[in-house]
Structure formats: C-alpha cells, structure tokens
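Chains as they are written, first to last, in the working numbering: chain V, 277 to 628; chain G, 651 to 817. Even glycine gets a Cβ: it sits at the ideal position worked out from N, Cα and C. The block underneath contains the structure these notes are about, expressed in structure tokens.
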Amino acid sequence: MNRFDYIQPASVAEAIAAVSEPGSVYLGAGTNLLDLMKIGVSRPQRVVDITRLPGLDRIDWLPDGGVRIGALVRNSDLAYDERFAKTFPVVAEALLSGASAQLRNAATVGGNLMQRTRCAYFQDLGSACNRRVPGSGCDALGGQSRLHAVLGWSEHCIATHPSDFCVPLVALDAMVEVEGPRGTREIALDSLHALPGSTPEQETTLAAGELIVALRLPAEVASFADNARYLKLRERTSYAFAVVSAAAALEMEGDTIRAARIALGGVAAKPWRAREAEASLAGAKPTAEAFAGAAELALAEARPSGANAFKIELARRIVARALNFALAGTPQEMPALPASPFSTNPGAYHVA
Amino acid sequence: MALSISLSVNGQPRDVELDDPRVTLLDLLRERLVLAGTKKGCDRGQCGACTVLVDGRRINSCLVLAASLDGAEVTTIEGLAQGETLHPVQAAFIAHDGFQCGYCTPGQIMSAVGLIAEGHAGDDPERIRELMSGNICRCAAYKGITEAVLEAQQTLAGADSSRRDAA
Numbered sequence: 277m278n279r280f281d282y283i284q285p286a287s288v289a290e291a292i293a294a295v296s297e298p299g300s301v302y303l304g305a306g307t308n309l310l311d312l313m314k315i316g317v318s319r320p321q322r323v324v325d326i327t328r329l330p331g332l333d334r335i336d337w338l339p340d341g342g343v344r345i346g347a348l349v350r351n352s353d354l355a356y357d358e359r360f361a362k363t364f365p366v367v368a369e370a371l372l373s374g375a376s377a378q379l380r381n382a383a384t385v386g387g388n389l390m391q392r393t394r395c396a397y398f399q400d401l402g403s404a405c406n407r408r409v410p411g412s413g414c415d416a417l418g419g420q421s422r423l424h425a426v427l428g429w430s431e432h433c434i435a436t437h438p439s440d441f442c443v444p445l446v447a448l449d450a451m452v453e454v455e456g457p458r459g460t461r462e463i464a465l466d467s468l469h470a471l472p473g474s475t476p477e478q479e480t481t482l483a484a485g486e487l488i489v490a491l492r493l494p495a496e497v498a499s500f501a502d503n504a505r506y507l508k509l510r511e512r513t514s515y516a517f518a519v520v521s522a523a524a525a526l527e528m529e530g531d532t533i534r535a536a537r538i539a540l541g542g543v544a545a546k547p548w549r550a551r552e553a554e555a556s557l558a559g560a561k562p563t564a565e566a567f568a569g570a571a572e573l574a575l576a577e578a579r580p581s582g583a584n585a586f587k588i589e590l591a592r593r594i595v596a597r598a599l600n601f602a603l604a605g606t607p608q609e610m611p612a613l614p615a616s617p618f619s620t621n622p623g624a625y626h627v628a
Numbered sequence: 651m652a653l654s655i656s657l658s659v660n661g662q663p664r665d666v667e668l669d670d671p672r673v674t675l676l677d678l679l680r681e682r683l684v685l686a687g688t689k690k691g692c693d694r695g696q697c698g699a700c701t702v703l704v705d706g707r708r709i710n711s712c713l714v715l716a717a718s719l720d721g722a723e724v725t726t727i728e729g730l731a732q733g734e735t736l737h738p739v740q741a742a743f744i745a746h747d748g749f750q751c752g753y754c755t756p757g758q759i760m761s762a763v764g765l766i767a768e769g770h771a772g773d774d775p776e777r778i779r780e781l782m783s784g785n786i787c788r789c790a791a792y793k794g795i796t797e798a799v800l801e802a803q804q805t806l807a808g809a810d811s812s813r814r815d816a817a
C-alpha cells in the first residue's frame, strides 16, 4: 500500500472540501477500497474517511411510505431491518446473498453502489486494463472471460458490476442523493453506473468530489412486496459473486400481472434493467410461455464477449425461474440460503 | 503524520500512537498490541481468519484501518475465556472437533460468537452454514464447526434463561 494522508472530516461539507485535492478518495467501510489499495490498483494520495459523518447512518421512512437510507447504513442493518425487509423483501434477499456476514456487518450502502469490478485483469497490475489504465488495452478480451459481460460491453472493456444489492434497487426505481462541490442533486440509480463505451475508466456518472449521501426507494414499489424474489447463481453455495442473477417482482391482480419489474446482475458493467421484458408481462397471464418470452426479450441484445456464450442462455433461464419464484410468492421467512436455487423448497437441504 | 487513537481491547483501555495511517486493525492487534491470536490468512477479506468483534459486531480486521476506530470496543479471541474457564463457543469447538490444524479457529470462534449474538440462525444447521460462510477452513472441519455452533448457542441460551430465573 502506498503512503497517504488520512483525514477524518466532521461534516459532509468538510469531506467534499477535503476530497477536492487531486488524488483523494472517500473511504467508507473500506471492504473494497482497502483491498484495492493493498494490491496497488488504487493508490490515493489522500484518504477522506467519511465513516464518522453525522446523520448518514439512518433509515428514515418518508410521509408517503417511501424510504430514505443513509449512505453509511451497514448492509446487514438494512437487510435485517424488519420494516424494510417486509416492504422491499427482494432488496433484503439480495443483500443477504452478497459477501459474508462479516463483510455485510461492515459494508455500507453507498460503498456497495461504488464498488469496483471484480474482473481479474482489472485487479492484476501485470495485465492490460483500460478501466485501470486508460488506453492500455483489455487483456480480458480473448482471456479468461467466462464470467464477463454479455450485455452493454465494448471492445474496450468487458467487465461486469458485481453488486447484488443494486439489481433489485434498479428494478425498483431507486434514486441516489448526491452532494458535491456544486451542491446537491439526485440521480436515478439506473443512470449512476456507466457502460464502458470508449471510456471504461469513467465508471459512474458522478462528477469529481461528489459524495453519495442517501438512497431512496419510492412508496409505490412496495406494491411488489408479495411477489418479489432475487435469484443468484454462484459457483459455490455461498460467499461468491454472481455468475448471473436476476431480480423479479410482480404486482398481481387476480390471475393477471398488473406490472412486472426485472433486472439482471453479473451480465454488464451496470445492473441491467430489462424494461421491454417488463412491458411484455403487463396485463399478461403468468404462464411459462409469458415468462420465457420475457426472458427472451431481456437477453435480446446479448452477445458473448468471449468464452461466455453459456451465460446468455443461463441468464434467460434465471430470469424465467426468478419470475416463477416471484409468482409463487415472497417467502414468509427469509430462505436459509437467500437467493439460492438450492433453498427454494422448505425443508430441502443443500447438505444432506 | 501521527494519529492518536484510544480504544478498548478485551476490556482494557489502550491508547495508541499510529505513525502511519496504513495500519489495519489486524496489524495493530498482532504487531503492536502483541495479540497474535487473531490470524492473518488472505489479508483481503476472503478467508475470515482475522475475524474479531468491533462494538459487538463481527468484522474482518484486515479490511479496516486502525485509525478509523477511535473509541471502538474490540474483542479478540484472547478476550473470550474467563481465566481458565473457556467461553462456551471455545469449549464446543473442542467437544465437536471443530478444527484440525487450528489456523482458522480463532476467526471461526469469533465469527460464531458474532453469529449467536446476531440471532438469525435459530437451530437450523443450513442457516448456520450460510452465516459462517465467511470463514474458510481448508482442513474442512465444517461438520464439527456447525455442530459446535449449534451446541454453544444452546449453552448460551440456557445460561441466559438461568440468569433470568435467578433474577
């Protein structure tokens, strides 16, 4: 790890001023940033520790029934908050399917949004990576690319965004509150993460010095609470990033779908909202054909970026299966293995 | 740049002068406070060997800067036993062979203490395995670990209710 100056500001305004120095970064829990500093991928001159900023660790319910989550709320505190888990169960399930209990106890809401790709070439200083060193090339192209993007990638970068949390959030129209040198603004989460294009080093649409202070979910998406699931396929049972994941939420009216929400994880440099697939289900009966059609639409533009053509069919199946799970209803109790295909039947144990 | 922090480690107040902000909690414990029970495995948050409690919550001590912990209460494996009397989780790991080489064990035990305090597992071994998945055991003593956590949880629940009965 390189040497750096460590600053602990007392207010958001002080933090924004402190980070204006070139080479400065915000430090939340550090579960991603410290790791990247240890391996030399991130080499900040100044670390601005925001963990003591007052007022950012609260979950506030708004008068209209929406929720405002401070950027420093810890993943586990949000996932186990009773009202939150009841109102937005698909978000709680995604949170609990991510990382480990220790990391969830530390990691913050804002940090989860800002986490970097887990592409091995991004993390390996001996590899070319346009995201890490603009213009240096992409060794993932033609390399070990099984787990790389199948949607929204470019010849400059095929990395994926690793978050589980962001997948249902983007499906449920989450808004991000930001403060920066030019004041405050709001961004739809769907517009926060950038696709690589020819500038993969621009990972988000945040301007220099901007700080995420809160995340909001609107009241109206609570209408999906009864039929919402997150499904995450991993290469081991637990504590692994998604190969492919999907959030699916249905608002049912009798045996007809009034509205649907679908988003995918592990397939692109951002959480991938599948709006055409959602639209195809509005007013439809929840049949296997309808779900297969929605899955087809969700992956319509997918193309392999390397040795990952299997992910396209896998993602279709995960979308269709997540829709089926959503139709079956949000479980009364959080599954023992959240979001896992292995724990969908009560009483069925992964380990005999 | 000198940074002064005060924290409680296993109930003892400690004032620490950090000459370098790069020191993680793990390195502070092992290299400066001579508490080598907490182990360094991967040093990247992937193995769980460095698990300790900070303000009662289990975390990876390799992924937190000591400088950020002014005022924190830290509990390590050295802080569990009361004199010669083992903590129920320690005793259960021995009773159930919850280890082989022992390197991951301090982290496993601290993680189990955290898990039991969190109270989300009930008596479901599937939930215990899931909530212990942040602790890797390359000797694969997982069966014994799961049994140890289940038993320790019952022991601690019994101790709680007998305290309530006595009150």
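Compare the beta carbon distance of residue 719 of chain G and residue 657 of chain G with 7 Å and say whether it is the shorter of the two.
By 1-based counting over the second sequence, the position of residue 719 of chain G is 69. By 1-based counting over the second sequence, the position of residue 657 of chain G is 7. Closer than 7 Å, so yes.
Could one say the Cβ of residue 439 of chain V lies closer than 7 Å to chain G's Cβ atoms, at least one of them?
Taking the first residue of the first sequence as 1, we reach residue 439 of chain V at position 163. So, not an interface residue.
Using C-beta distances below 6 Å, list every residue in its chain close to residue 739 of chain G, excluding the 5 sequence neighbours before and after it, in chain order.
Within the second sequence, the letter at position 89 stands for residue 739 of chain G. 759, 762, 763 and 802, listed in sequence order.
Report yes if the C-beta distance between residue 707 of chain G and residue 381 of chain V is below 7 Å; otherwise report no.
For the purposes of this step, residue 707 of chain G is taken as residue 57 along the second sequence, with counting starting at 1. For the purposes of this step, residue 381 of chain V is taken as residue 105 along the first sequence, with counting starting at 1. Going by C-beta atoms, residue 707 of chain G is nearer than 7 Å to residue 381 of chain V.
Taking C-alpha atoms, which residue in V:332, V:572 and V:392 lies nearest to residue 344 of chain V?
Indexing the first sequence from 1 puts residue 344 of chain V at position 68. The shortest C-alpha separation from residue 344 of chain V is found at V:332.
Kindly list, in the order they appear in chain V, the residues whose Cβ is closer than 9 Å to that of residue 714 of chain G.
For the purposes of this step, residue 714 of chain G is identified with residue 64 of the second sequence, where counting begins at 1. Correct list: 305, 306, 307, 310 and 382.
Output needed in chain order: residues of the stretch 312 to 328 of chain V with a Cβ under 9 Å from some Cβ in chain G.
Residues of the stretch 312 to 328 of chain V with a Cβ closer than 9 Å to any Cβ of chain G, in chain order: 313, 314, 315, 323, 325, 327 and 328.
Is any beta-carbon of chain V found at less than 7 Å from that of residue 774 of chain G?
Start at 1 with the first residue of the second sequence, and residue 774 of chain G comes out as number 124. At least one chain V Cβ lies under 7 Å of residue 774 of chain G.
Considering only DSSP beta bridges, list what residue 462 of chain V is partnered with.
On the first sequence, residue 462 of chain V is found 186 positions in, with the first residue counted as 1. Beta-bridge pairing links residue 462 of chain V to V:453.
Which word fits residue 401 of chain V, buried or exposed, when buried means at least 16 other C-beta atoms lie within 10 angstroms of its C-beta?
Taking the first sequence and counting its residues from 1, one reaches residue 401 of chain V at position 125. Exposed: under 16 other Cβ atoms inside 10 Å.
Around the C-beta of residue 565 of chain V, are 16 or more other C-beta atoms found within 10 angstroms, so that it is buried, or is it exposed?
Along the first sequence, one-based indexing puts residue 565 of chain V at 289. When all chains shown are included, residue 565 of chain V counts as exposed.
Drop a sphere of 10 angstroms on the beta-carbon of residue 628 of chain V, count the other beta-carbons inside from all chains shown, and report buried for 16 or more, exposed for fewer.
For this step, residue 628 of chain V is matched to residue 352 along the first sequence. Annotation note: pLDDT 45 at residue 628 of chain V (below 50); position unreliable, coordinate value reported separately. The residue in question, residue 628 of chain V, is exposed, as its Cβ has fewer than 16 Cβ neighbours within 10 Å.
Let's see if you can read the secondary structure: which residues bound the alpha helix (DSSP H) around residue 363 of chain V?
In the first sequence, residue 363 of chain V corresponds to position 87, counting from 1. Membership of residue 363 of chain V in the alpha helix (DSSP H) is indicated by the continuous run 358 to 363.
Could you tell me whether any Cβ in chain V is nearer than 7 Å to the Cβ of residue 706 of chain G?
Here residue 706 of chain G is taken as the residue at index 56 of the second sequence, counted from 1. It does not; no Cβ of chain V falls within 7 Å.
Consider the Cβ of residue 780 of chain G: report whether some Cβ of chain V lies at a distance smaller than 7 Å.
Locating residue 780 of chain G in the second sequence gives position 130, counting from the first residue. Among the CB atoms of chain V, one or more fall inside 7 Å of the CB of residue 780 of chain G.
Step through the CB atoms of chain G and report whether any lies within less than 7 Å of the CB of residue 621 of chain V.
Along the first sequence, read from residue 1 onward, the residue named residue 621 of chain V stands at position 345. Since pLDDT at residue 621 of chain V reaches only 49, below the 50 mark, its modelled position is unreliable, and no value is offered.
Closer than 7 Å, CB to CB, is residue 377 of chain V near chain G or not?
On the first sequence, position 101 is the one that residue 377 of chain V refers to. Yes, contact with chain G.
Taking the DSSP output, what are the residues bridged to residue 694 of chain V?
Limits of chain V in this structure are 277 at one end and 628 at the other, which puts residue 694 of chain V out of reach.
Helix, strand or coil for residue 795 of chain G, going by three-state DSSP, please let me know.
Here residue 795 of chain G is taken as the residue at index 145 of the second sequence, counted from 1. Three-state DSSP puts residue 795 of chain G in a helix.
Could you check whether residue 363 of chain V and residue 502 of chain V sit closer than 7 Å to each other, using their CB atoms as the reference points?
Counted from its first residue, the first sequence places residue 502 of chain V at position 226. Counted from its first residue, the first sequence places residue 363 of chain V at position 87. No, the pair does not count as a contact, with Cβ atoms beyond the cut-off.
Going along the stretch 342 to 355 of chain V in order, which residues come within less than 9 Å of chain G, judged by CB to CB distance?
350 and 352
Note the first and the last residue of the continuous beta strand (DSSP E) segment covering residue 528 of chain V.
Mapped onto the first sequence, residue 528 of chain V falls at position 252. 520 to 529 is the extent of the beta strand (DSSP E) around residue 528 of chain V.
Output needed in chain order: residues of the stretch 515 to 532 of chain V with a Cβ under 7 Å from some Cβ in chain G.
Those residues of the stretch 515 to 532 of chain V that come within reach of chain G (Cβ to Cβ, closer than 7 Å) are 515.
Looking at the structure shown, is residue 289 of chain V part of a helix, part of a strand, or coil, going by DSSP?
Here residue 289 of chain V refers to the residue found at position 13 of the first sequence. Helix, per DSSP.
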